[in-house]
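Numbering (the numbering used here), first residue to last: 52 to 428. C-beta atoms are modelled at their ideal positions from N, C-alpha and C, and glycine is treated no differently. A short write-up of the structure that comes next.
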């Protein structure tokens, strides 16, 4: 653990046997020990040891009420996560909206609260960060019957995941010790991650399947834009922080008067409203929506051609706001990509809740990387 109670989030599948068994129970619940042997590839003896340790730690529970009594021989008790003993606390700080959330160890939201980020930025940065930490502490206190295992924060800008210090130019936050202040408020270990990497981690760690091989490009666009890569079961976290695609050059069409513009400058709500006012149409007008869809499709195609991932997952209101869904974005992508292999763009499995899921994933990643270590800490 680093100074101040901040621990870099391990945005990957745990490699130890306890982590493998816990992940398998999360995905396959209710699961028997025989099923866990088949799902994890571990020996029966190893599975039994890990199950017993997870039972003792209160992370899983035997469920005789789910037993199928029609079988022959000694009954084998199904196992599920113990969703009542522990929880994690997380926050996602967005350019327009901030979510605070409490979740169980399976990633299920127990309670969430959203506030408009501009309510925070009306105060100085120190006050705003302190208020956020206090609000999350108040939410956690509502679940005093549970032990809070970990806290997580997902935020844009520049994040030092070892210290939890963040710089967020849009919010005008400079060198804010978010991780240390959240640790002081919650009194548990804290992880702080760049928000698009956190949302990619949600796809990896909280979805209904476990994929440990291959590569995925995760592309986010709302008021800000960003991308992350998942490679062989791990979100790529560059040593010097996340890169940016905000300045990716695009042909804006109706969304800007210049022939070439930066991607982030023409994707958000403000750009759409400005273009609509200039054209004398509604912000939801087809010409604005169609140009946004084309820009996104071409931008995703450009990054796909550079990185050549096995799949592309997209998230954010900019992708979901068109009346025809992803169809026009897919069409623009197909027309722009230079690679011969057809590839279908897939929407996030979390829908509009993907920022919240990202915060949960950051808070849970250490639990699923080393469950017995976290509970015993």
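| task | Measure the beta-carbon distance from residue 75 to residue 82 and round it to whole angstroms, keeping in mind my assumption that it falls under 8 Å. | result | Yes, residue 75 and residue 82 are in contact; Cβ-Cβ is about 6 Å, under 8 Å.
| Can you name the residues that DSSP bridges to residue 266? | In the DSSP assignment, residue 266 is bridged to 282.
| query | How many angstroms separate the CA atom of residue 420 from the CA atom of residue 412? | reply | Their backbone Cα atoms lie some 11 Å apart in a straight line.
| query | Does DSSP classify residue 312 as helix, strand or coil? | reply | Look at residue 312 here: in three-state DSSP terms it is strand.
| task | Check whether the region 192 to 206 touches the region 142 to 152, counting contact only when three or more Cβ pairs, one atom from each stretch, lie closer than 8 Å. | result | They touch, by the three-pair rule.
| task | Please list, in chain order, all residues of the same chain as residue 151 whose beta carbon is under 7 Å from its beta carbon, the five residues on each side excluded. | result | Once the five neighbours on either side are set aside, the close Cβ partners of residue 151 are 142, 163, 164, 186, 187 and 190.
| Beta carbon of residue 357, beta carbon of residue 399: below 8 Å? | If you check the CB distance, residue 357 and residue 399 do not come in under 8 Å.
| said: For residue 409, count the other beta carbons within 10 Å of its own beta carbon; 16 or more makes it buried, fewer makes it exposed. Which is it? | reply: That one is buried.
| Any 3 or more C-beta pairs closer than 8 Å across the region 253 to 268 and the region 333 to 347 | Not touching, per the Cβ criterion.
| field | Which of helix, strand or coil DSSP assigns to residue 430 | value | The chain is shown from 52 up to 428; residue 430 falls before or after that span and cannot be answered.
| Ordered along the chain, which non-local residues of its own chain (more than five positions away) have a Cβ less than 7 Å from that of residue 97? | Counting only residues of its own chain and dropping the five nearest sequence neighbours on each side, residue 97 has a CB closer than 7 Å to the CB of 68.
| message | Can you tell me where the alpha helix (DSSP H) holding residue 174 begins and where it ends? | response | Following the DSSP letters along the chain, one finds residue 174 in no alpha helix (DSSP H), marked with neither H nor E.
| message | Whole angstroms are fine: how far does the CA of residue 66 sit from the CA of residue 416? | response | Between residue 416 and residue 66, the C-alpha separation is close to 12 Å.
| With distances taken between CB atoms, is the gap from residue 288 to residue 55 smaller than 8 Å? | Cβ distance not < 8 Å, so residue 288 and residue 55 don't count as in contact.
| field | Residues sharing a beta bridge with residue 115, DSSP | value | Residue 115 is not bridged to any residue.
| Can you give, in chain order, each stretch of the beta strand (DSSP E) that sits fully within the region 174 to 212 and has at least 3 residues? | Correct list: 198 to 206 and 209 to 211.
| said: For residue 105 and residue 129, I'd like the C-alpha separation in whole angstroms. | reply: Straight through space, the alpha carbons of residue 129 and residue 105 are spaced by roughly 14 Å.
| Close-in-space but distant-in-sequence residues of the same chain around residue 272 (CB under 7 Å, 5 per side omitted) | Residues of the same chain with a CB within less than 7 Å of the CB of residue 272, apart from the 5 flanking positions on each side, are 318, 347, 367, 369 and 370 in chain order.
| query | Taking the C-alpha atoms as reference points, what is the distance between residue 255 and residue 283? | reply | Approximately 10 Å between the Cα atoms of the pair.
| task | Please state whether DSSP places residue 457 in a helix, a strand or coil. | result | The chain is shown from 52 up to 428; residue 457 falls before or after that span and cannot be answered.
| query | According to DSSP, is residue 217 helix, strand or coil? | reply | Assignment of residue 217 by DSSP, reduced to helix, strand and coil, places it in the strand class.
| Beta-carbon separation of residue 363 and residue 351 under 8 Å? | Yes. Within cutoff.
| task | Just the C-alpha distance for residue 303 and residue 174, rounded to the nearest angstrom, thanks. | result | Distance between the alpha carbons of residue 303 and residue 174 is about 35 Å.
| said: In the DSSP output, what is residue 140 paired with across the bridge? | reply: DSSP, once it has assigned bridges, lists 153 and 202 as partnering residue 140.
| query | When you compare only the Cα positions, how much space is there between residue 361 and residue 280? | reply | Answer to the nearest angstrom: the Cα atoms are 11 Å apart.
| query | Does the distance from the CB of residue 239 to the CB of residue 276 come in under 8 Å? | reply | In this structure, residue 276 does not lie closer than 8 Å to residue 239 by Cβ.
| message | Quick check on the DSSP output: the beta strand (DSSP E) that includes residue 398 runs from which residue to which? | response | Boundaries of the beta strand (DSSP E) around residue 398: 396 to 398.
| Is it right to say residue 178 is buried, meaning 16 or more other beta carbons lie within 10 angstroms of its own, or is it exposed? | With fewer than 16 other Cβ atoms within 10 Å, it is exposed.
| Residue from 181, 382, 404 and 359 whose Cα sits closest to the Cα of residue 390 | The residue among 181, 382, 404 and 359 with its C-alpha nearest the C-alpha of residue 390 is 359.
| said: Mapping the DSSP letters down to three states, classify residue 60 as helix, strand or coil. | reply: Correct three-state label for residue 60: coil.
| query | Hey, how far is the Cα of residue 216 from the Cα of residue 229? | reply | Computed Cα separation, rounded: 6 Å.
| query | Is residue 354 closer than 8 Å to residue 278 when the C-beta atoms are compared? | reply | The beta carbons of residue 278 and residue 354 sit closer together than 8 Å.
| task | Give the DSSP-derived three-state secondary structure of residue 333 in the structure shown. | result | Three-state result, residue 333: coil.
| query | What does a CB cutoff of less than 8 Å around residue 427 pick up in its chain, not counting 5 residues either side in sequence? | reply | For residue 427, where only same-chain residues beyond five positions count, the Cβ hits under 8 Å are 108.
| Contact belief for residue 157 with residue 134 at Cβ below 8 Å, rounded distance in angstroms | At roughly 6 Å, the Cβ-Cβ gap stays under 8 Å, so residue 157 and residue 134 are in contact.
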